Amino acid sequence: MIKLRKAFVVSLSIVTILVMSGVAVTPVSAAASAGDLVKIDGVSAVYYLSADGYRHVFDHEKTYFTWYDDFTAVDPITQEELENWPRGDNVDVRPGTKLVKSPDESTVYTVEKGGILRSIVSEANAISLYGADWAKKVIDIIPSFMVNYTVGAPLTEGVYPVGTLVKSSSSPDVYYYDGTNYRVFSNEASFVNNRFNFTNVVTVPDTMTITAGGTTISGPEDAIIDTSEGGGGTAPSGSGLTASLASTSKSAGNIPAGSPNEFLTLNLTAASDGDVEVSTIKLSAYDLGTAIYIDNVTFYDAGVKVGTAKNVNSSREAMFNFSTPIKVTAGSTKTLVVKATIEAGQSGNFALGVKTAADITTNGATVSGSFPVVGNSQAIVTGVDIGTVTMSSVGTSDTFNDFGEDHVKLASFNLAAANEPIIWSSMIMKNGGTNTAGIVGNMSVEVDGTVIVSGAELADKFVNFDMGNLIIAKNDTVSVEIYGDLGIANVNNTIDLYFDDANDLVFTGQDFGYGVTIGTAGFGGLNAVSDGIVVTLTAGDVVIDMDKTATPSKDVRPDDNDVVLATIKVVSNGENATITSIGAGNDTFMISDPGSANADMNEIENVELKDIETGAVYDITHASSSATATNIGLTLTDDISLKKGVTKTFQLRIDLLGANDTNGVDTNDSFQVTLEDGAFAITGDDSDDDLSNNITPTSVTSAIATVKSASLTWKTTSLATQTIVPGAKNIVIYRASVDTGASSAVTLTSVKVSATTTVATAFDDNNVSQLRLYIDGKLAKTVSGQIAEGGSATGYINFTSLNATNSVIAAGKSVVVEVQADFAGTFNPVGYIQLEIDSGTADIIAKDIDNNAVVESVSNVGTQSRTVILASAGTLKVQLRTTEPKANDSSYILASTETRPDKYLAELVLTAANEPVKIKTLVLEEYGSSTDSDIKTVRLYNSAGAMIAEKAPAAAGHVNFDALNITLPADTATSWFIGVTTKSINAASDAEGTGTYGREIQFSLASEGVLTSTFSLLVNQAVTAAGVDTGSDITIIEDANGTLATGEYTGSTTKSMLATTTGSILTSVVNTMADGTLAGGTGKTVAKYKFVFDNGNNRNSDNTELKAQLRQLILTLATSTGASLSNVEAYIEGDSSNKTTAVNIAANSKFTIDLTTLSGTTEKVDGTVTLVIIGDIVTDGTADYMQTEINNLNTDFTYNGNDGNTGMHWTLLSSDLGISDVNGATLSN
């Protein structure tokens, strides 16, 4: 057997996204965008996509980790999509993070922006700048990649290179050296937001004084975080972010005190022009409950805690700073859940919300929404014994463990459930020890000895364990242990896991459904650094490790070459050293079969060790083996040099014999490498000492590689029935999911699908004009006129001679296989098409990469994929309705503005069936009092809020969209929304300022009278349409009996909501007075409410500014029994000489204030006006409180939007403002 050594391929590549620089590039698909880190599935290379349209590869994982802490942000894409991004320069090592050198030269360099290398000059200068352990900062660059860099002038001795992160030993402040100034970071968040890692911070010599200069770094800066360093800039941010209350928000109800419960579900929607990052959110407390009782307020994103829990302060606020900003992808919605706990023993009504747009900070995007966004009020109930969880038996026995040890216990504790069974969702633990990448990995959680979680990893000090809703039975106690595999770090580094706060453990009671907080008593034993087990890393002179992350368990196949069984790491800590041999043909260095198949070791050959840094390959000899031997001793006799403190990384590779060899491997054979300390002959270069007696750990083992033959599993996918018409194209008539085994790529050579025999088939060439086979979205075959007739008058198609490239399915991949059809322009609509696989072995033929036949498995032979019904033409139904939340309220609309996106007049639901349908015309009838003097245009919007049509109305306000020509997809209900733009009222310089105050706007689909008299159309022509496939007009008439059916549109008696025109509109009502101390006295300020009006430049007939007239305010008062309020008055802030006296209605503690009695015209306002409420307070001074509230905005505030002239006065404000009440300040003593 000939073995071809495969060329060394760099294993890691990454793509970056930068700001557009005007370079013309090939258009890219929407799935990947600038700023993404991407890779092709099954290929290890990672790329950074830049905004100038290029892809930039990371030449090695060491380069990658100078920019990023982990691979969580890397997304898989297809090869075709990647190739849409032309290849750009490789990504360089991040400036200021590491020192670099090439194995073929002795000079050590620093790296500055643009890949400029600057010699460190001497070892003395390196020690001065970086300390005695400076060599640990050195990483090797593969010689072939040194061409990516340019050698510049050597460093000036004693001066750090540009980009270095420094601090002094006497201060925690960290600085960024920009070549001129040491710029200080304002806080840890600003450091993390620039994607820096504290392991790269250099402590300067005590003789050096750092003087801050330049501007403070307070947030992410493009010039610092630009991964491609000029290859296009950073990813563009979106222009807008909309905040809204999610429909899934917890409804108003009762909750127990002392329990973490949902208070707010917040939707954040980014504009489609770029991602938005949210760095801070300020929450405010609402309702009459005492705000300071709201504790442990916490944000969750997809069930994972975000940021740190906060308590609401006496100002009724809680500020959240996210050190890693919350990213909202362009055009998408991020849903955040806010949970909080009301202190045990307290009562009242509580709510949380975002008060204003200014309370959300982004990376430049404009925040909008209907503020405040407030969750529903939750009332505290008492006397409920919800579940409890108590922690005990916290492990505190510190350990000392060697580098590379696996399954090391990191933490342990017991949990006891009481009162009800407990659902355990997740937990987050923090490492209070050394924050070094790779210090520990492959972390697991065992509960009562059963592994519940495995493979978890640290990410910036934290590890998140998804407990999978594990049930802890009522009155049961479980033992919890956390384990991990140690990596190679520094001697005396530590791992110290603990819980940062109580919300890091997420529990829910199974019976009552409320959140459960961990009990404080036992939790105090594991909520701080050093509370639990502290693992200290130790090492001998030499440390060995098997990196199971780099080479995890995997499937391999017979005849595979260069199979990597293990990634072996070796480092000499005390001095340079030389390995003269590894192994002696015995079990200190061996390959064995740990499984039950007992692989024969004469089934492998060409064992070798490859240095992944240099590409050097060392041959390994192995002991002669009988056919039944299940392990084989290995021996390597080449000299290998180790540099002090520098980790050498090797791959142990083998070739597997195949079926054509004398001794081929068998299915389920498995292979594992064992390496013990006794295998090494190693000598210190300086001391000439034998170092083999001080190697840690004593033994390491690799993950397991298991032999699997090529395989293919085929499963027909059941699809919804579809009706089609003559001329229909691109119709999916069959679909299957196909999975390949991990050992080999599979090539489909033929696919046969057949019509079922259970119904009269329409699958023949008279009905079907063309068939196409797609594999994983790629066209594999196109045929016409080749449907064969089978038994019982059924038809079938056999796709053969498939596209050689597009018929290959990568190993270990799941893909979709589809058959699409185009139908004849005319056919007889009789019968069905139902396709299936009749025989797994005969209908699907596939080969592996060696052209050997693959045994295919069809899991559901005889299952039909889709029923396709043949019809003669398409159909249409159009419904006007007012039930959708965006179109179910009447509203006020400011003259000269357009309909708000949450206040549409009505929704039109257009349901097309059988084929795509083109809407040609649409006629709406205006039923309100408005005419074309009031309505400028009528608009149609799609469900995303984009305008799709606009037309000026006829004189009476009716409108005919006579050239719509908008195509609707087949078998889909499409929503359009009706809105308007209005004309101003006497606005200066506005020739169309003909609007009239109080005019109502209301539409329906046009009646017979409007169709015939206004537009000279025929009856039943409010909607006209045509089929896209057939090209024929579709019949649709007005519903005559109130029961809408296919082929009908809603009758003209069904009308939209009302929009009423106003000259000035109220846009906001908020409390502006902070909570304070309640003190007795006369004329005391008890409330301040700010009202914001907008008149849109509307004018009175005499050309004076049209303002809003304040009419009436009703306030509800809540007090303790020891406090009272009397002689209530109100005035506009800044004009305290003009007051109006409230009428006290003591029976229901309401004060009614007639605002029209304010002197002169002070009650007429535009813009912002603040009403100040004063009164005489009596208090006994013992735990009293007092608070006012606008309890119902639909009844308790009235204004006139027409300068107080004739016309209606506006109430019913809840719908327009999105709030129902406004709470005032709480005064207490």
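Numbers -30 to -1, 1 to 1199, taken from mature numbering (1 follows the signal peptide of the UniProt record, and there is no 0), label the letters of the sequence shown in order. Each residue gets a CB set at the ideal place from its N, CA and C atoms; glycine is no exception. All of these numbers come straight from a predicted model, not from anything done at the bench.
Whole-number beta carbon distance between residue j and residue i, since they are thought to touch under 8 Å
{"i": "Ser754", "j": "Ser777", "result": "No, Ser754 and Ser777 are not in contact; Cβ-Cβ is about 19 Å, not under 8 Å."}
{"i": "Val1056", "j": "Met1156", "result": "6 Å"}
{"i": "Asn281", "j": "Asp265", "result": "5 Å"}
{"i": "Ile936", "j": "Pro923", "result": "That belief does not hold up - the Cβ atoms of Ile936 and Pro923 are roughly 19 Å apart, past 8 Å."}
{"i": "Asn463", "j": "Ile503", "result": "Between Ile503 and Asn463 the Cβ distance is about 15 Å, and since that is not below 8 Å, they are no contact."}
{"i": "Ala816", "j": "Thr693", "result": "Contact doesn't hold; Cβ gap of about 34 Å is too wide."}
{"i": "Arg705", "j": "Val786", "result": "6 Å"}
Exposure of residue i, with buried meaning 16 or more beta-carbon neighbours within 10 Å
{"i": "Arg57", "result": "exposed"}
{"i": "Ser762", "result": "With a pLDDT of 46 at Ser762, under the threshold of 50, the modelled position of this residue cannot be trusted, and the question is left open."}
{"i": "Ser959", "result": "exposed"}
{"i": "Ala(-24)", "result": "For Ala(-24), the predicted structure reports a pLDDT of 28, less than 50, and the residue's modelled location is therefore unreliable. The matter cannot be settled from this model."}
{"i": "Ser835", "result": "buried"}
{"i": "Asn1193", "result": "buried"}
{"i": "Gly585", "result": "exposed"}
{"i": "Ala(-7)", "result": "Bear in mind that a pLDDT of 29 at Ala(-7), under 50, signals an unreliable position, so the number given afterwards is only what the model happens to contain. Exposed, because fewer than 16 other Cβ atoms sit within 10 Å of the Cβ of Ala(-7)."}
{"i": "Gly747", "result": "exposed"}
{"i": "Thr1196", "result": "buried"}
{"i": "Tyr703", "result": "Before going further, note that residue 703 is Ile rather than Tyr in the sequence given. It is buried - the Cβ of Ile703 has at least 16 other Cβ atoms within 10 Å."}
{"i": "Ser347", "result": "buried"}
{"i": "Ile1189", "result": "buried"}
{"i": "Thr(-5)", "result": "For Thr(-5), the pLDDT reaches just 32, beneath the cut-off of 50, and the residue's location in the model is therefore unreliable, although a value from the coordinates is still provided. With fewer than 16 other Cβ atoms within 10 Å, it is exposed."}
{"i": "Gly84", "result": "exposed"}
{"i": "Glu962", "result": "exposed"}
{"i": "residue 1268", "result": "Not covered by the structure: residue 1268. The range shown for the chain is -30 to 1199."}
{"i": "Asp192", "result": "exposed"}
Whether residue i touches residue j by CB criterion (8 Å)
{"i": "Phe233", "j": "Gly318", "result": "no"}
{"i": "Lys400", "j": "Lys431", "result": "yes"}
{"i": "Val448", "j": "Asn384", "result": "yes"}
{"i": "Phe559", "j": "Ile552", "result": "yes"}
{"i": "Thr619", "j": "Lys685", "result": "no"}
{"i": "Gly1017", "j": "Thr1000", "result": "no"}
{"i": "residue 1201", "j": "Glu390", "result": "One cannot answer for residue 1201 here, as it falls past the ends of the chain, which runs -30 to 1199."}
{"i": "Glu877", "j": "Phe947", "result": "yes"}
Option in the options with minimal Cα separation from residue i
{"i": "Thr80", "options": "Asp74, Ser92, Trp946 and Gly66", "result": "Gly66"}
{"i": "Asp245", "options": "Val486, Asn224 and Ser209", "result": "Ser209"}
{"i": "Asn54", "options": "Asp74, Ser76, Ala1093 and Tyr17", "result": "Tyr17"}
{"i": "Leu1183", "options": "Gly1151, Ile1160 and Thr1176", "result": "Ile1160"}
{"i": "Ser254", "options": "Phe320, Thr278, Gly273 and Val248", "result": "Phe320"}
{"i": "Leu1028", "options": "Thr1074, Asn798 and Gly898", "result": "Gly898"}
{"i": "Ala957", "options": "Thr717, Ala429, Glu1075 and Pro799", "result": "Glu1075"}
{"i": "Thr837", "options": "Asp735, Ala690, Thr881 and Arg969", "result": "Ala690"}
{"i": "Leu236", "options": "Val248, Gly228 and Leu215", "result": "Leu215"}
{"i": "Ala349", "options": "Ala1088, Leu258, Asp525 and Ile452", "result": "Leu258"}
{"i": "Gly277", "options": "Ile194, Asp471 and Ile590", "result": "Asp471"}
{"i": "Val359", "options": "Ile112, Ala491 and Val695", "result": "Ala491"}
In DSSP terms, what residue i is bridged to
{"i": "Leu1083", "result": "Ile1123 and Phe1167"}
{"i": "Ser640", "result": "Thr676"}
{"i": "His26", "result": "Tyr18"}
{"i": "Thr982", "result": "Thr982 is not bridged to any residue."}
{"i": "Ala1078", "result": "Val1135"}
{"i": "Phe559", "result": "Leu645"}
{"i": "Asn434", "result": "Ile398"}
{"i": "Ala883", "result": "Thr845"}
{"i": "Glu575", "result": "Asp625"}
{"i": "Gln692", "result": "Val838"}
{"i": "His592", "result": "Leu604"}
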